[in-house]
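Protein chains in written order, with UniProt numbering: chain A, 1 to 682; chain B, 1 to 682.
Virtual Cβ for every residue (Gly too), placed ideally from N, Cα, C.
Worksheet for the structure shown next.
Protein chains: 2
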Amino acid sequence: MSKLTDVPKRILIGRALRSDKLGETLLPKRIALPVFASDPLSSVAYAPGEVLLVLSIAGVSAYHFSPWIAVAVVVLMFTVVASYRQNVHAYPSGGGDYEVATTNLGPKAGLTVASALLVDYVLTVAVSIASGVENLGSAIPFVVEHKVSCAVAIVVLLTLLNLRGMKESGKLFAIPTYIFVAGVFIMIAWGAYRGLIAGDDMKAPTADLSIHAEKGGLAGFALVFLLLRAFSSGCAALTGVEAISNGVPAFRKPKSKNAATTLALMGSLAVVMFCGIIALAMTTDVKMAENPATDLLKNGTAVGSGFVQNPVISQVAEAVFGKGSFLFVVLAAATALVLFLAANTAYNGFPLLGSILAQDRYLPRQLHTRGDRLAFSNGIVLLAGAAVLLIVIYGADSTRLIQLYIVGVFVSFTLSQTGMVRHWNRHLRSETDPNKRRHMIRSRAINTFGAFFTGLVLVVVLATKFTHGAWVALLGMVIFYGTMSAIRKHYDRVSEEIAAPDVPSDDTVRPSRVHSIVLVSKLHKPTLRALAYAKLMRSDQLEALSISVDAAETKALREEWERRGINVPLKILDSPYREITRPIIEYVKGLRRESPRDVVSIYIPEYVVGHWYEHLLHNQSALRLKGRLLFLPGVMVTSVPYQLESSEAARMRARRRAEWNAPGSVRRGPVNQRPKEPTNKS
Amino acid sequence: MSKLTDVPKRILIGRALRSDKLGETLLPKRIALPVFASDPLSSVAYAPGEVLLVLSIAGVSAYHFSPWIAVAVVVLMFTVVASYRQNVHAYPSGGGDYEVATTNLGPKAGLTVASALLVDYVLTVAVSIASGVENLGSAIPFVVEHKVSCAVAIVVLLTLLNLRGMKESGKLFAIPTYIFVAGVFIMIAWGAYRGLIAGDDMKAPTADLSIHAEKGGLAGFALVFLLLRAFSSGCAALTGVEAISNGVPAFRKPKSKNAATTLALMGSLAVVMFCGIIALAMTTDVKMAENPATDLLKNGTAVGSGFVQNPVISQVAEAVFGKGSFLFVVLAAATALVLFLAANTAYNGFPLLGSILAQDRYLPRQLHTRGDRLAFSNGIVLLAGAAVLLIVIYGADSTRLIQLYIVGVFVSFTLSQTGMVRHWNRHLRSETDPNKRRHMIRSRAINTFGAFFTGLVLVVVLATKFTHGAWVALLGMVIFYGTMSAIRKHYDRVSEEIAAPDVPSDDTVRPSRVHSIVLVSKLHKPTLRALAYAKLMRSDQLEALSISVDAAETKALREEWERRGINVPLKILDSPYREITRPIIEYVKGLRRESPRDVVSIYIPEYVVGHWYEHLLHNQSALRLKGRLLFLPGVMVTSVPYQLESSEAARMRARRRAEWNAPGSVRRGPVNQRPKEPTNKS
């Protein structure tokens, strides 16, 4: 199958790049930060806007609550970072949340986390690219006018790059990430200077709009619910924090310490950026609405569907730097680029998680092989297809996509932290060193608080967002969970069926003699080779078998057989209907009936050709026959290949394909650095 | 590949029908007539209309030429029928035009005929179904309002029926064909009675319209050209005449005589029907125009695009029987049905011709097998796809499709008749019996006239229709010709490459010893079976090979190996990157380098599963490995299957698939009735 579907793929993505073998290079912190943090840092490009957007439902007066929501997000961020610093120390193998949940809470919890993470990878691609397109669109209007097409084009581009085996490069990540971080910090500093010291009156482009409150004058429970919903949206800033805990093996030594430091650094940067942007948005009077066309009013009339609501970060940049200024454009470009890099991290993370799941037999075994291009390719295409589907369905609207996003993250946060609590409990039972015990008790306290807080957020997210789209994410998780359980069940059933009996005596595996048959159509080199090889094997009985579909040809074959003096008896079966498969199957069945304890060994001369279309012209009958023969018990089928000249090209292609570079190798770290953990190898 | 693409096919077409084996039943003339003549007879449903339509370009006055054109068509019909009666006697094997052209004019002429016929099969489907829909539409307006969708739906229906292996049934063809013929004869007789004896003034629905002559007052060369174009269109009545010459083996004895009689009968029926319809159309003042919307005028104003121009046969039936009368509806239904049956003949003829071409290695060898479902299915899907494409492009407009139709028919007529002239020349050179010589000279004269006349028509058709669409048909022929030549060239090149040298001593085919390797991943039943089988084969050296991707698992394997006391040495290769294929390939290459004259025999334990999705979960690494191993010279690969319980279902499915009934079997006749002709088996 791969042969045919390969062709369009090949045309699009070209030959695989030769790449250096998996880098023995470990990542220093300054490179690890951008590699792992592009996802969480980039989310400050959309999270503040989402908070304002939800608050706007209650009217512009509700914006006053935004600092409090920012505080809540900051507290949550610190909690999560502190919790994951514990994970990084306790599980330096990089198994991440899946490993933590599986080891401490059992395989079902692990599988739940895995399903949540798989859904989240899809959403990371969809949300990041949609948001990136919106940010790019604030500088280049064309992009936002063709939002869906542009977003799909970028998904396709990333997909092709990753199918080609583009290696994740630390430098590639470092430059835009640092420009983005620097840009945001300069913006905050310059904004603070202009606002506080120079006393400028900075105005966002939406400053002079007013908001039509969909539900004005909310109070009591309704207001609290709205604030919780705004908080849930702000939690989008936390997505991707767990990435570092998966990547510990890629860090320089001391791995865990460096990873923990990077985590803390990342958390601090994110918090400052998030709060700074919210503060600037308040200062510059940014207005955001869920339905800008109807709810944003200019001089009392709705702005209409032609209005484009730019992201908060771009509105703030416009107010601080000036519309179209150099820094504004640079920041917009860097923001978009960082968001696209964030999407790219999913392309690396998805197959990586897939290979871990395959190790545990939740996914097809072949995903387990590190460099298996085909398997990775399928994963990448699946990821991209699901992301494109979401982008098209939701019109590349980051606001609507974010509704789906946060569920998965908090499912895995909560289960992972709960698992960590169990982890410490277990270790505390055996640990006696009071110093270490103190340390563990402290860690347990942090993780307990983390589990509680993230669990609370999960409930809030589910309660406030379920009907807004979170159900789609949950449905996705259920589908992944169901599929993976079914695969695991299948493997378990098969492995039980084929388990060797302890007493090594079994009739079915103790055959007595071999009856060898060489299939002959004409006497050419491939047939002669098959005959020669079969003779070498010294079976108990050897004969050549030919199907007569044409009397003249059969006669010619018989004559040449004798002329060449081939000392193998030639048996000819008549086939008036010009069938090949059926007479052979019947003959073999007959042999098996006569002597059930014998094994029948069938030699098929096969042509090896170089191109898929040549494949259509050869070996088709052989393939079909083989497919049927494999269903007969007590039969083995030997292909004796004859390499045609054109096969050389295919051999080279296959070799190049084998040297392909799998995505995710940089963040996974070198192989021998990753000892196998005692997970659920049942 | 087939596995995956099979699934949607399976869902649509269901399980293959069990059918009786190729009928030992031969066709009596009364059944052979409808089976073979539905195509040529049905063309009288559209041919008369096409004549009027072209004439209308010169205005309604040009209609007076229509009897003369009818006469020309009749003469041509008699010529062609007389010519093919010679073919039927000279070539009773049923090879048809392809065989005649190949044998007498060489393979290039044969291939040209084959290309023309393949294109014509596609057009038979497109034209017949488009025309059938138009006829049905004259009784049921809904159908003609959704012309393209209805036509496509019928193509799809016929395709599904044929994919299911619907057997062509004589009775199925007989009833509608006889109803159609009887209906047309009753119409002609009743029309003659009403017009000539009762003196009724029958009026076609378009009788009171007038025609706006696009090119009024044509004269001289322009008029002749138009008349020739009208004649070309009328020649559509001749399509399908050659079908009987392909089907001689299906007739009862004396085959050739019966076939010749049926041919004459068919010709007479067609001629009477064609002329009768033209005469009735003249009597009832039918008006047809190429662009009815603008060129048909009612009281001086164009009828506009809402006007539906019904086929001549239906307009005449309306005039004779009365609109909506029982006989009118029956005739419309029978006409449509016969046209659909005519389309169905292409579904039978296309794979049949394909299997003959495959015998001569112009198409993949597997088409050659009579009952090969997969091959036939691909042919049917190709045919249907091309027909749907044409139907959609030409808006299911039979008039526009007919422009493409006639080229192929006359290419094969002309070449076939020219071939017959050569045939007689050759036989005359050796024949001495004056009686037989006289017969042959007479036959040669008929065929010479046939070749000349059909050649002339071909020139006329090309000249008058090239720009109107005939170029599309020619392009199609060139594509088929090119593809088939390329396939033949490939087979010839390969067969030269693999031809066994006459001196039976060749280093490459004389290996000395066998080094056997059993690939082991775990010690389960499939592995034990592979080991047991490999031991039976008594090779010079036997070892088990395992790739270590996980130290713990490898250790367990080693321990169990010893515990079970398996007396085969176990070799373990380390694979730090968890690769399977590369270490094995390298190891085998190493063995081959050490002792190049040895053969390496590799045993791979394989699971046999029942469903395609289970297939995705197993054997993938084995398959990939096998694909690579086949490229190494001096290696043979043995699959040792282990049948899982679920494989039983697949075995049953495969068997049912093998019992499928190939289309075209009825018209091809029983197998042993069809001796192999001395065609170009070079």
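### Task
My understanding is that I380 of chain A touches N87 of chain A, with C-beta atoms under 8 Å, so please give their C-beta distance in whole angstroms.
Residue mapping note: residue 380 of chain A aligns to position 380 of the first sequence, counting from 1. Residue mapping note: residue 87 of chain A aligns to position 87 of the first sequence, counting from 1. So it is not a contact: roughly 27 Å between Cβ atoms.
### Outcome for L456 of chain A when other beta-carbon atoms lying within 10 angstroms are tallied against a minimum of 16
Position 456 of the first sequence, counted from the first residue, corresponds to residue 456 of chain A. Exposed, since its Cβ has fewer than 16 Cβ neighbours within 10 Å.
### Query
Can you name the residues that DSSP bridges to A544 of chain A?
Numbered from 1 along the first sequence, position 544 holds the residue referred to as residue 544 of chain A. DSSP output for A544 of chain A lists A:V518, A:L570 as bridge partner(s).
### Query
Do you know offhand how far L297 of chain B's Cα is from L53 of chain B's?
Looking up residue 297 of chain B in the second sequence gives position 297. Looking up residue 53 of chain B in the second sequence gives position 53. Roughly 15 Å between the two C-alpha positions.
### Query
Beta carbon of M484 of chain A, beta carbon of N447 of chain A: below 8 Å?
In the first sequence, the residue the question calls residue 484 of chain A occupies position 484. In the first sequence, the residue the question calls residue 447 of chain A occupies position 447. The answer is no: Cβ separation not under 8 Å.
### Task
Below 7 Å between beta carbons is the criterion; list the residues of the stretch 517–551 of chain B that meet it against any residue of chain A, in chain order.
L523, H524, K525, P526, L528, R529, A532, Y533, L536, M537, R538, S539, D550
### Task
Would you kindly report the start and end of the unbroken beta strand (DSSP E) that includes K298 of chain A?
Taking the first residue of the first sequence as position 1, residue 298 of chain A is located at position 298. Per DSSP, K298 of chain A belongs to the beta strand (DSSP E) from 296–298.
### Query
How about P633 of chain A: is its C-beta nearer than 8 Å to some C-beta of chain B?
Sequence index remark: in the first sequence, residue 633 of chain A carries index 633 (1-based). Yes, its Cβ sits closer than 8 Å to a Cβ of chain B.
### Query
Does the pairing of the stretch 229–244 of chain A with the stretch 195–211 of chain A give three or more beta-carbon distances under 8 Å?
no
### Query
Is the CB of T483 of chain A under 8 Å away from at least one CB in chain B?
Taking the first sequence and counting its residues from 1, the one referred to as residue 483 of chain A is at position 483. Output row for T483 of chain A: interface = no.
### Task
State yes or no: is the C-beta of A213 of chain A within less than 8 Å of the C-beta of A47 of chain A?
Numbered from 1 along the first sequence, position 213 holds the residue referred to as residue 213 of chain A. Numbered from 1 along the first sequence, position 47 holds the residue referred to as residue 47 of chain A. No, they are not a contact pair.
### Beta-carbon proximity check, F65 of chain B vs L172 of chain B, cutoff 8 Å
Along the second sequence, one-based indexing puts residue 65 of chain B at 65. Along the second sequence, one-based indexing puts residue 172 of chain B at 172. Cβ atoms of F65 of chain B and L172 of chain B: not closer than 8 Å.
### Query
From which residue to which residue does the beta strand (DSSP E) around I604 of chain B run?
Mapped onto the second sequence, residue 604 of chain B falls at position 604. Taken as a continuous stretch (DSSP letters only), the beta strand (DSSP E) holding I604 of chain B covers 599–608.
### Task
Provide the residue span of the beta strand (DSSP E) that contains P641 of chain A, from first to last.
Position 641 of the first sequence, counted from the start, is the residue given in the question as residue 641 of chain A. Counting along the chain, the beta strand (DSSP E) containing P641 of chain A begins and ends at 635–643.
### Query
Counting pairs of beta carbons, one from the stretch 342–355 of chain B and one from the stretch 126–140 of chain B, are three or more of them closer than 8 Å?
yes
### Message
Below 7 Å on C-beta distance, what does V415 of chain A contact in chain B?
### Response
Against the first sequence, residue 415 of chain A aligns to sequence position 415. Note on identity: in this sequence residue 415 of chain A is Leu, with Val being the wrong assignment. Result: empty, since nearest Cβ-Cβ is about 26 Å, beyond 7 Å.
### Query
Taking DSSP as the reference, what is the three-state secondary structure of I580 of chain B?
For the purposes of this step, residue 580 of chain B is identified with residue 580 of the second sequence, where counting begins at 1. DSSP places I580 of chain B in coil when its eight states are reduced to three.
### Contacting residues, own chain, Cβ-Cβ under 6 Å from L26 of chain B (five flanking each side not counted)
Translated into the one-based positions of the second sequence, residue 26 of chain B becomes position 26. Taken in chain order, the residues that qualify are R252.
### Query
Based on the DSSP output, what are the partners of H439 of chain B in its beta bridges?
For the purposes of this step, residue 439 of chain B is taken as residue 439 along the second sequence, with counting starting at 1. Looking at the DSSP assignment, H439 of chain B forms no beta bridge with any residue, so it has no partner.
### Query
What are the boundary residues of the alpha helix (DSSP H) that includes D285 of chain A?
By one-based count along the first sequence, residue 285 of chain A stands at place 285. In the DSSP assignment, D285 of chain A falls outside any alpha helix (DSSP H), carrying neither H nor E.
#### Entry: Selected residue, minimal CA-CA separation from W424 of chain A, among A:S443, A:S416, A:L415
Mapped onto the first sequence, residue 424 of chain A falls at position 424. Among A:S443, A:S416, A:L415, the Cα nearest to that of W424 of chain A belongs to A:S443.
### Query
If you draw a straight line from the alpha carbon of Y613 of chain B to that of R229 of chain B, how long is it in whole angstroms?
Start at 1 with the first residue of the second sequence, and residue 613 of chain B comes out as number 613. Start at 1 with the first residue of the second sequence, and residue 229 of chain B comes out as number 229. Approximately 57 Å, taken between the alpha carbons.
### Query
Is I273 of chain A close to chain B, meaning its C-beta is less than 8 Å from at least one C-beta of that chain?
Taking the first residue of the first sequence as position 1, residue 273 of chain A is located at position 273. Just to set this straight, residue 273 of chain A is Met in the shown sequence, not Ile. Closer than 8 Å: no.
### Query
Can you tell me where the alpha helix (DSSP H) with E553 of chain A in it begins and where it stops?
Within the first sequence, the letter at position 553 stands for residue 553 of chain A. Counting along the chain, the alpha helix (DSSP H) containing E553 of chain A begins and ends at 551–563.
### Inter-residue spacing [alpha-carbon to alpha-carbon] between Y533 of chain B and A259 of chain B
Position 533 of the second sequence holds residue 533 of chain B. Position 259 of the second sequence holds residue 259 of chain B. In a straight line, the C-alpha of Y533 of chain B is about 58 Å away from that of A259 of chain B.
### Query
Cβ atoms of I278 of chain A and A62 of chain A: under 8 Å apart, would you say?
Reading the first sequence from its first residue, position 62 is the one you call residue 62 of chain A. Reading the first sequence from its first residue, position 278 is the one you call residue 278 of chain A. No, these two residues do not count as a Cβ contact at 8 Å.
### Query
For a contact meaning CB atoms closer than 7 Å, what does P254 of chain A contact in chain B?
Here residue 254 of chain A corresponds to residue number 254 of the first sequence, with the count starting at 1. Ordered by position in chain B, no residue passes the 7 Å Cβ test against P254 of chain A, which lies about 23 Å from the chain.
### Query
Exposed or buried, F326 of chain B, counting other C-beta atoms within 10 Å across all chains shown (16 or more means buried)?
As a working note, residue 326 of chain B is residue 326 in the second sequence. So F326 of chain B counts as exposed.
### Query
Whose C-beta lies closer than 6 Å to the C-beta of L523 of chain B among residues of the same chain, with five residues either side of it excluded?
Translated into positions along the second sequence, residue 523 of chain B becomes position 523. Taken in chain order, the residues that qualify are E560.
### is_contact[E99 of chain A, chain B] using C-beta, thresh 8 Å
Indexing the first sequence from 1 puts residue 99 of chain A at position 99. Cβ-Cβ to chain B under 8 Å: no for E99 of chain A.
#### Entry: Euclidean distance between Cα positions of E562 of chain B and L357 of chain A
The residue labelled residue 562 of chain B in the question sits at position 562 within the second sequence. The residue labelled residue 357 of chain A in the question sits at position 357 within the first sequence. Going by the C-alpha atoms only, they are around 31 Å apart.
#### Entry: Residue range of the unbroken alpha helix (DSSP H) whose run includes Q309 of chain A
Mapped onto the first sequence, residue 309 of chain A falls at position 309. First-last for Q309 of chain A: undefined, no H or E at that position.
### Task
Starting from the C-beta of L76 of chain A, find all residues in its chain whose C-beta is less than 7 Å away, skip the five residues before and the five after it, and write them out in chain order.
Position 76 of the first sequence, counting from 1, holds the residue named residue 76 of chain A. The answer, listed in chain order, is C235, L238, F453, V457.
### Task
Just the C-alpha distance for P526 of chain B and I154 of chain B, rounded to the nearest angstrom, thanks.
Locating residue 526 of chain B in the second sequence gives position 526, where the first residue counts as 1. Locating residue 154 of chain B in the second sequence gives position 154, where the first residue counts as 1. About 50 Å.
### Message
Counting only Cβ pairs nearer than 7 Å, list the residues of chain B close to Y46 of chain A.
### Response
Your numbering for residue 46 of chain A matches position 46 in the first sequence. Chain B residues near Y46 of chain A: none, gap ~37 Å exceeds 7 Å.
### Contact list for V637 of chain A against chain B, beta-carbon separation under 8 Å
Working through the first sequence from its first residue, we reach residue 637 of chain A at position 637. Within 8 Å Cβ-Cβ: T638, S639, P641.
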